[in-house]
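Same order as they appear, the protein sequences are chains A and B. Using this note's numbering, read the first sequence as starting at 915 and increasing by one per residue. Using this note's numbering, read the second sequence as starting at 983 and increasing by one per residue. Just so you know, even glycine gets a beta-carbon here, dropped at the ideal spot from N, CA and C. Because the structure is a prediction, the values reported are computed rather than measured. Below: one structure, written as C-alpha cells.
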Amino acid sequence: MADPVRTAARVPDTGDRGWAAAPMAALCADADGVVLALNEAARTLFPAAGPGRRLSDTVADWLAGAHDRRAGEVVRGEAGERAFAAHPIPHGEAVTWWLVDETDARVAQDALVREQERTAFLSDASAALLGSLNLERCMEVAARLAAQHLADAALVLAPTTGGTYPAVSCVRGEEPTRSRLEIDPDDLPGLGEALQGFPPVPSRWLDPDAAPGWVLPAGFGPVGSIVVTPLPGHGVPAGALVLLRRGDRASFTDQEELFARLFAARAGAAMSAARVFAQQASITDTLMRELLPPSLEQLGGVEFAGRYRPARDGERIGGDFYDVHSAISTEGDESLAVLGDVCGKGLDAAVLTGKIRTTLRALLPMAGDHHRLLSLLNRTLADSRDARFVTLVLASARREGATVRLRVTCAGHPPPLVVRADGRVEEADTHGSLIGVLPEIESAGADITLDPGETCLLYTDGIIEARGGPLGDAMFGEDRLRQSLAECANMPADAVVERIQMLASQWIGRGAHDDMAVLAITAPRGQHLAAVGGHGRGRYTA
Amino acid sequence: MTSGLTCTWTATDGATARVAIAGELEFATARLLLHLVTDRLADHPGVRDVRLDCGGIAFCDSSGLSTLLLVHRAVTGAGSRLYLDNRPPALDRLLALTGTTTYLTGESADSRARRDS
C-alpha cells in the first residue's frame, strides 16, 4: 500500500489533468495547515492560495478553521459570493477539501421555505377569513392579515350600500378600525374599477402623492408605495384592497404582488360568502316575521292565548298556525280565532300557512257565516296541483255579561275541547271537511257558552299524536289531553296553553314530533267593574 | 327506528290491481305510495280498478291523507276507480274527521264525471 500522505502529495505532481481541471474546487493541506496542492477551480476561488502557503492566510476563515479542528465533517460557508459545502477527504495527516458549490440549491431551498411559509399563511388566512360569516368581521380579518403580511397598512373596502362604503383600515401591529366612508372611489385610480368588478384589474401602482387623504390611516406618516387590488367575489365584486408601504420600504416585487393577489382571491371569496349569507339571513328574517305566530292578549273581554312549537328544532315556523282577528269596533262584535294545521312540515308548509292566513284576513267580513268563509277559502286553495290541504277550527267569540259566547266550526280538524268550571271536559259538537282539495265542502258549527273560568281549547293533532311516554312510542292521545285539560279549570288562558304545551313536550322528551299548536279562549274570572263608566256591559278585571 | 312503509302492487287480472300497504303512511314515507301507483298505472293502462289494501296501515297522518287524496286524483284522472279496502278503524276515523270518506271511497260526482268524460 502506498503511503497516503505521499499519495495525496503526489496527486498534483502526476500531472493528472482530471484532478487539476475538475470543475469542483479541491485543495490539499497537511496537518499544519500548509497547502500541498490545489486545482484550477480552487486557484480561481482563492487566488492567494498556492502550494507551501498557509490555509489561514489564503482561504476563507471557516475553511481554515475547519481544517485546524480536524473534525472530519462537512462544513458550509461562503466564498466569493457563492455558497459551498466543503467535504474533507483525509489522507493520514493530510486532508483534501472538495468544495461543492451549493449556491443554486440554497437559493432554491430558500425559495421553497418562503413558498411554504406563504402557503401556510394563505391556508391560515383562509381558515381565519372563513371562520366568520359576518361581513364586517371578515373585513377586519382581511385588513389585519394584509397589514401584517403584505404591507405596513391595509384598507379593505366593500361595495357601496346606500351611498357609503363600509371600510376597515389596519396599521401593522394595531387594531383594525371600522368606518363608513362617504367618498368618490375614483379619487384613487383603479379603485372605482375594482369596486365595480370590472374583469380582474391587475394590481395598480400609484403615485403616493396622488392618493386622497382618506386612504391613509391617521398618523401613518409619508407613504412610499400604494397598490390597489380588486377582491374578486362570487359573480359580483366583493370589494377592493389597498396596500400601503412606508417611504423607506421598497416597492412590491413580482412575487409579492402575485402573493397579494392570491390573498385577495381568498379574502374576496370569504367576504362574498359573508355578504351572501347576510343577505339570505336578512331575507329569511323578513319573511319569517310575517309567518311567526302572533302574541295574543285579551280582546273585548275575552282571553286568548296561544303556544306553538314547530316540528323541527331550530325553526320557528311550520305548518301549524293560529291567529286572532279583533273585530271589536262596536258593541257586541265578535273576535275571530283561527287555529289550523297545514299538511307538511317546515318552510313549504310555512309558506302555504302564510297564504292561508292572508286569505283568511281578507275574508274576515264573511266571518259571520263560517260555512261561507270556509267555502271561499276552499275555492281559493282547491286548484293547487299538490293535494296539500289545511284543517282548521274557526271560533267567533263575543263577551256577553260575565260569559263568553262562542260559535265554533271545525273543518276536518279535531273538535275543540271545553273545560267547565267544575273540571268536566266536553267536546264541541262540530264537524266539517278539510279545506283545499274537495270541490265542495260541508260543515256544521256549534254554539258554546263559557262561564267565568271556563276555557275552550283549540289544538292541532301534533298534540294528541305526540309520541313518547315511559316507553317512548305511545301517543299522548285524546284521553290524556282531556285529563290534562280537566286540571286547567278556572285557570287563565295563558296558564292553560302553557300547561298543555308543557305536558305534551314532557311526554315527547327528546323524541321527534310534529308541529304542535294550542289556542285557548277563556271567559275571565274577573270582578265586574260595573261602577266604571256605569254604561254598557261594564268592564272586568282580567 | 321507525317502521317505515312497504307498498306492493299486484295485478290480479288485467283490469284490477291490488296495492298492499303496510307500515306508517306519513310525511317521510307517503310519497312512495303515490309514485308506485302513478308509475304502475302508466305501465298498465288496462287497469280499471285500483284496490288499496289498507289493512296493514299502522298510522296515517295528514301527509298520509294528502297522499291518499293525490292517489285518488291520479287514479280517477287515469279513468280508473279507487277502492280503500280493509280500512283500520283509525283510518276510518281520520277520513270521517276530515270529511273525506265520501270523496275517497264513495261514488263521488267528481270521479264519475271524470270517468264518463
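CB of residue i within 8 Å of CB of residue j, strictly
| i | j | result |
| --- | --- | --- |
| B:Val1019 | B:Ala1078 | no |
| A:Arg1159 | A:Asp1101 | no |
| A:Ala1325 | A:Ile1355 | yes |
| A:Leu1399 | A:Leu1371 | yes |
| A:Ala1000 | A:Val988 | yes |
| A:Gly1359 | A:His1284 | yes |
| B:Val1032 | B:Ala999 | yes |
| A:Ala1431 | A:Ala1407 | no |
| A:Ala1178 | A:Leu1155 | yes |
| B:Thr1087 | B:Leu1073 | no |
| A:Ala986 | A:Pro1004 | Strictly speaking, residue 986 of chain A in this sequence is Gly, with Ala absent from that position. A contact, by the Cβ cut-off of 8 Å. |
| B:Gly1005 | B:Gly1038 | yes |
Within chain A, the residues that residue i reaches when beta carbons sit closer than 8 Å
| i | result |
| --- | --- |
| B:Leu1051 | Ala1301, Phe1303, Val1351 |
| B:Arg1055 | Ala1301 |
Nearest-angstrom Cβ-Cβ length linking residue i and residue j, presumed shorter than 8 Å
| i | j | result |
| --- | --- | --- |
| A:Leu1157 | A:Ala1174 | 6 Å |
| A:Leu1205 | A:Gly1268 | 5 Å |
| A:Val1238 | A:Leu1213 | 6 Å |
| A:Glu1379 | A:Asp1428 | 6 Å |
| A:Arg1457 | A:Val1410 | Outside the displayed range of chain A (915 to 1456) lies residue 1457 of chain A, so it cannot be described from this structure. |
| A:Val1082 | A:Arg1092 | 5 Å |
| A:Ala962 | A:Ala939 | Contact doesn't hold; Cβ gap of about 14 Å is too wide. |
| B:Thr1080 | B:Leu1047 | 6 Å |
| A:Ala1403 | A:Asp1336 | 7 Å |
| A:Pro1328 | A:Thr1344 | Not confirmed; about 10 Å, so no contact. |
| A:Arg1221 | A:Glu1412 | 7 Å |
| A:Ala993 | A:Leu950 | The Cβ separation is near 19 Å, so there is no contact. |
| A:Met1202 | A:Ile1231 | 6 Å |
Reference residue i, options the options, closest by Cα
| i | options | result |
| --- | --- | --- |
| B:Arg1013 | A:Thr1305, A:Ala1358, A:Gly1258, A:Ala935 | A:Gly1258 |
| A:Arg1293 | A:Gly1350, A:Ile1270, A:Val1265 | A:Gly1350 |
| A:Gln1062 | A:Gly1045, A:Val1070, A:Leu1261, A:Cys1084 | A:Cys1084 |
| A:Pro1384 | A:Pro1406, A:Pro1438, A:Ile1422 | A:Ile1422 |
| A:Pro1090 | A:Glu1050, A:Gly1104, A:Thr1074, A:Ala1108 | A:Glu1050 |
| A:Asp1255 | A:Leu1306, A:Ala1179, A:Arg968, A:Ala939 | A:Leu1306 |
| A:Asp1393 | A:Ile1414, A:Val1150, A:Met1405, A:Asn1404 | A:Ile1414 |
| A:Ala1316 | A:Ser1419, A:Thr1436, A:Pro1328 | A:Thr1436 |
| A:Gly1077 | A:Leu1064, A:Gln1193, A:Gly1087, A:Ile1097 | A:Ile1097 |
| A:Thr1033 | A:Leu1250, A:Leu1176, A:Phe1235, A:Phe1166 | A:Leu1176 |
| B:Asp1021 | B:Val1001, B:Gly1005, B:Arg1075 | B:Val1001 |
| A:Tyr1079 | A:Leu1064, A:Pro1099, A:Glu1088, A:Arg1086 | A:Pro1099 |
| A:Gly1006 | A:Arg968, A:Gly994, A:Ala943, A:Val1432 | A:Ala943 |
| A:Leu1288 | A:Phe1035, A:Ser1347, A:Asp1297, A:Val1318 | A:Ser1347 |
| A:Thr1143 | A:Asn1048, A:Val1021, A:Arg990, A:Ala1072 | A:Ala1072 |
| A:Gly1386 | A:Asn1404, A:Thr1198, A:Gln1420 | A:Gln1420 |
| A:Gly932 | A:Pro1146, A:Ala945, A:Asn953 | A:Asn953 |
| A:Ala1263 | A:Ala1418, A:Asp1300, A:Pro1279 | A:Asp1300 |
| A:Leu977 | A:Thr958, A:Leu941, A:Arg1286 | A:Leu941 |
| A:Pro1126 | A:Pro1146, A:Gln1110, A:Leu1105 | A:Leu1105 |
| A:Glu1171 | A:Arg1189, A:Ile1140, A:Leu1044, A:Ala1188 | A:Ile1140 |
| B:Cys1042 | A:Arg1439, A:Gly1440, A:Gly1376 | A:Gly1376 |
| B:Pro1070 | B:Thr992, B:Thr990, B:Trp991, B:Ile1003 | B:Ile1003 |
| A:Leu1210 | A:Phe1235, A:Phe1303, A:Ala1225 | A:Phe1235 |
| A:Thr1369 | A:Thr1167, A:Ala1311, A:Gly1382 | A:Ala1311 |
| A:Arg1319 | A:Asp1365, A:Arg1286, A:Val1304 | A:Asp1365 |
| A:Leu1291 | A:Ile1270, A:Thr1010, A:Gln1023 | A:Ile1270 |
| A:Val1304 | A:Ala1108, A:Ala951, A:Leu1253, A:Arg1275 | A:Leu1253 |
Listed by chain order, chain B residues near residue i by CB distance under 9 Å
| i | result |
| --- | --- |
| A:Gly1258 | Phe1009, Ser1044, Ser1045, Ser1048 |
| A:Asp1255 | Ser1044 |
Beta-ladder partner(s) of residue i, from DSSP
| i | result |
| --- | --- |
| A:Tyr1236 | A:Leu1253 |
| A:Ser1357 | A:Gly1346 |
| A:Met1430 | A:Arg1223 |
| A:Ile1435 | A:Phe1218, A:Cys1370 |
| A:Ser1457 | Limits of chain A in this structure are 915 at one end and 1456 at the other, which puts residue 1457 of chain A out of reach. |
| A:Ile1003 | A:Thr1010 |
| B:Trp991 | B:Val1001 |
| B:Leu1066 | B:Leu1034 |
| A:Gly991 | A:Phe998 |
| A:Val1129 | Its beta-bridge partners do not exist; DSSP assigns none. |
| B:Phe1041 | B:Glu1006 |
| A:Ser1310 | A:Leu1250, A:Arg1321 |
| A:Pro1103 | According to DSSP, which records beta bridges pairwise, A:Pro1103 is partnered with nothing at all. |
Per-residue contacts from residue i into chain B (C-beta, under 8 Å)
| i | result |
| --- | --- |
| A:Gly1346 | Gly1081 |
| A:Pro1328 | Leu1079 |
| A:Glu1379 | Asp1043 |
| A:Glu1356 | Gly1081 |
Contacts that residue i makes with chain A (C-beta to C-beta distance below 7 Å)
| i | result |
| --- | --- |
| B:Tyr1085 | Leu1352 |
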